[in-house]
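Working notes, structure below.
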């Protein structure tokens, strides 16, 4: 199972960084609701974590709506963090991708900075 504790910690950090508390709570709730589906997709190799901090299909595109929704919320989070830290969403995503790669469980598909995919 994907490391739920660290994902929940990341979501809590997101909530702290977002300006509008109501928006942050809604975003957190959506991401937590998707967590079991995302965990399963990562575990079975359907998706991997790319080098930009987003999910990307590595197998059949099952539950594409879940993956699209997760990536949309991640983009919103990265944009909010970028505004707060005077950087770019791309840089926030890349930093998040690096953190995800370090914390990922064995067997998770990851994309290195050069674009090559590997299983941890």
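Residue numbers (mature numbering (1 follows the signal peptide of the UniProt record, and there is no 0)): -24 to -1, 1 to 96. Ideal Cβ placement from N, Cα and C applies to all residues, glycine included.
Query: Does the distance from the CB of residue 72 to the CB of residue 42 come in under 9 Å?; Result: no
Query: For the candidate residues 25, 51, 81, 55, whose alpha-carbon lies nearest to that of residue 135?; Result: A query on residue 135 cannot be resolved here, the shown segment of the chain reaching from -24 to 96 and no further.
Query: So what's residue 25 in DSSP terms, helix, strand or just coil?; Result: strand
Query: Among 86, 2, 1, 58, which residue has its Cα nearest to the Cα of residue 68?; Result: 58
Query: Here's a check: name, in chain order, each residue in its chain whose Cβ is nearer than 6 Å to the Cβ of residue 54, leaving out the five neighbours to either side.; Result: 65, 68, 69
Query: Is it true that the CB of residue 22 sits closer than 9 Å to the CB of residue 110?; Result: In the structure as shown, the chain starts at -24 and stops at 96, and residue 110 therefore has no counterpart that could be examined.
Query: Closer than 6 Å by C-beta to residue 91: which residues in its own chain qualify, once you throw out the five before and the five after it? Chain order, please.; Result: none
Query: So the candidates are 96, 83, 6; which of them puts its Cα closest to the Cα of residue 44?; Result: 6
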